[in-house]
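Numbering (the numbering used here), first residue to last: 84 to 355. We put the CB at the ideal spot given by N, CA and C, even for glycine.
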Ligand code: AMP
Ligand code: MG
């Protein structure tokens with residue numbers, strides 16, 4: 084399948100300055116047809132299913148997919164749509180919330196390391212260790228002296244994971260402030276979406292510039308060849324899903340997973 088879009092345009096070049104404005108949140112791939120894009124996402128999802136089965140069967144590769152986003156940018160629905168249909172035995176989602184007392188009693192990577200994938204597994208981080216340089220930075224939950232050292236810890240941590248055989252890809256879902264307003268309003272207007280509405284999100288929205296600065300620093304300081312960041316324009320959900328699916332397929336295909344050989348020659352086995 085020829086890709087419908089050039090995913091390299093969304094890659095954050097390691098060790099290069101980042102200007103978030105260079106990715107328009109309402110990018111829709113220019114002349115991409117929405118229905119064609121949706122069909123392609125469906126085909127890519129089927130391919131993810133096949134590749135995941137191979138990775139699980141082979142039991143060799145470990146794959147870590149990190150999702151960070153502006154509030155309401157669609158982390159949950161991206162996970163649901165891109166990974167719909169995979170075998171739950173080989174895929175897990177780890178959601179990182181406000182740390183518990185026990186978690187806070189340890190270093191911030193303690194709870195994160197424990198959730199990293201084992202052989203044959205794909206793990207999706209719904210939020211991640213990056214919260215420790217995002218919400219923690221914006222709200223100064225620890226002093227700057229402490230959070231500013233974390234970029235280097237995180238680079239080293241991801242290097243360790245990669246050196247030991249984990250493939251890492253990281254997605255930042257990028258929406259505009261206007262789009263966020265619409266999505267928050269939609270949550271307010273629809274009783275079936277009230278459970279998703281947190282008043283705290285409004286307070287976070289007031290800190291929009293601080294968050295954009297924190298996201299920029301994160302992208303600039305932690306994109307690496309072995310753990311690349313992609314900025315995913317996410318105002319259009321169908322475009323977001325297409326782009327994430329394509330990058331996941333490309334990454335898994337590059338691993339070239341294979342079914343393992345059978346234990347023995349099975350030609351003369353008869354089931355009685
Ligand atoms: P949600 O993903 O909407 O369920 O919200 C989870 C909340 O946990 C968000 O407000 C995050 O900012 C917060 N959170 C996640 N990790 C951390 C962390 N390390 N320190 C403080 N808050 C966090
Ligand atoms: Mg929330």
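Using 7 Å as the threshold, is the C-beta distance between residue i and residue j below it?
i, j, result
"residue 306", "residue 108", "no"
"residue 100", "residue 308", "no"
"residue 284", "residue 159", "no"
"residue 151", "residue 213", "yes"
"residue 313", "residue 240", "no"
"residue 295", "residue 86", "no"
"residue 142", "residue 203", "yes"
"residue 161", "residue 352", "no"
"residue 207", "residue 176", "yes"
"residue 280", "residue 270", "yes"
"residue 290", "residue 221", "yes"
"residue 140", "residue 342", "yes"
"residue 112", "residue 94", "no"
Under a Cβ-count criterion, where at least 16 other Cβ atoms within 10 Å of its own Cβ denotes burial, should residue i be classed as buried or exposed?
i, result
"residue 301", "buried"
"residue 170", "exposed"
"residue 336", "exposed"
"residue 252", "buried"
"residue 157", "buried"
"residue 250", "buried"
"residue 205", "buried"
"residue 303", "buried"
"residue 310", "buried"
"residue 322", "buried"
"residue 148", "buried"
"residue 135", "buried"
"residue 324", "buried"
"residue 355", "exposed"
"residue 166", "buried"
"residue 120", "buried"
"residue 229", "exposed"
"residue 106", "buried"
"residue 340", "buried"
"residue 217", "buried"
"residue 110", "buried"
"residue 331", "buried"
"residue 195", "buried"
"residue 244", "buried"
If I'm right that residue i touches residue j with Cβ under 8 Å, what's the distance once you round it to whole angstroms?
i, j, result
"residue 234", "residue 215", "Rounded, the Cβ-Cβ distance is 10 Å, inconsistent with contact."
"residue 317", "residue 257", "6 Å"
"residue 183", "residue 333", "Not a contact, Cβ separation roughly 36 Å."
"residue 178", "residue 210", "6 Å"
"residue 137", "residue 299", "That belief does not hold up - the Cβ atoms of residue 137 and residue 299 are roughly 37 Å apart, past 8 Å."
In the DSSP output, which residue or residues are listed as bridge partners for residue i?
i, result
"residue 151", "255"
"residue 206", "147, 175"
"residue 314", "255"
"residue 94", "313"
"residue 250", "146"
"residue 307", "310"
Are there any heavy atoms of the ligand AMP lying less than 6 Å away from the beta-carbon of residue i, as far as the coordinates show?
i, result
"residue 180", "yes"
"residue 96", "no"
"residue 85", "no"
"residue 332", "no"
"residue 304", "no"
"residue 218", "yes"
"residue 215", "yes"
"residue 270", "no"
"residue 266", "no"
"residue 194", "no"
"residue 210", "yes"
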